[in-house]
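Undergrad: Per our numbering, the sequence shown starts with residue 299, numbered consecutively.
We treat Cβ as the ideally placed atom computed from N, Cα and C, and that holds for glycine.
As the structure is a computational prediction, the values presented were derived from the model and not from experiment.
Below you will find the structure I want to go over with you.
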Amino acid sequence: MSQNNPERTCVVCRSKKSKDELFRFAEKKGKFVFDKNMDVQARGAYVCKDANCINRLSKHKKYNISIEELGKMMAALKKEKKDYLNILSAMKSSDYLVFGIKMIFEEIDKIHFVIIADDISEKNDVKLIRILDEKKINYAYFSDKQKLGAIFSKKEVNAVGIKSKKVARGLL
Ligand SMILES: [Zn+2]
């Protein structure tokens, strides 16, 4: 989090986050609209880039925001969440990530979501999927071993496990 990126509070869950982790909405003629580019010169507020918080915003008493505007937010969320690399990079020094299938196996009971490199070896893929299915852990194929490795300053990483339920939900 850089110092040029001051924190704002999500009106739903009250957590403080940097602006790039939040969506802004602003008042226009008595109604709140999604301020996608954060440039509407009007009173505004923030909500997490999180499906849960956006859903709960629809029931917020203080902010009258239409379903259409919330729909735009969800669409923007989907577009952004596809970029797992950015999310993983932002989280790389947290305790929420484990990388490589050896570590994933060791901590399997704490893992909620796994990102698997597209070019993982067939042998490892079969091994990994077997246990993920057994434990009912969601997963997605994304990017390649080199790019996942680069996040952790490793040559190659074949899979990344996410131990935070909240983050895992956001990635789905
Ligand atoms: Zn929130």
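1. Quick one: is residue 369 buried, meaning 16 or more other Cβ sit within 10 Å of its Cβ, or exposed?
2. Considering only the alpha carbon of each residue, which of 348, 413, 336 lies closest to residue 378?
3. Using a 10 Å radius around the Cβ and a threshold of 16 neighbouring Cβ atoms, would you call residue 522 buried or exposed?
4. Could you spell out the range, first to last residue, of the beta strand (DSSP E) harbouring residue 413?
5. Mind reading off the beta-carbon distance from residue 331 to residue 323? Whole number of angstroms is fine, and I expect it under 8 Å.
6. Is there contact here, the segment 450-463 with the segment 409-423, by at least three beta-carbon pairs under 8 Å?
7. Mind reading off the beta-carbon distance from residue 418 to residue 456? Whole number of angstroms is fine, and I expect it under 8 Å.
TA: Result, derived from the coordinates:
1. Start at 1 with the first residue of the sequence shown, and residue 369 comes out as number 71. Answer is exposed; the Cβ neighbour count stays below 16.
2. Against the sequence shown, residue 378 aligns to sequence position 80. Residue 378 has its Cα closest to that of 348, out of 348, 413, 336.
3. No answer is possible for residue 522: it lies beyond the span of the chain, which begins at 299 and ends at 470.
4. For this step, residue 413 is matched to residue 115 along the sequence shown. From DSSP, the beta strand (DSSP E) with residue 413 extends over 411-414.
5. Position 33 of the sequence shown holds residue 331. Position 25 of the sequence shown holds residue 323. The Cβ separation is near 6 Å, so the contact holds.
6. yes
7. Within the sequence shown, numbered from 1, the residue matching residue 418 stands at position 120. Within the sequence shown, numbered from 1, the residue matching residue 456 stands at position 158. Confirmed, about 4 Å.
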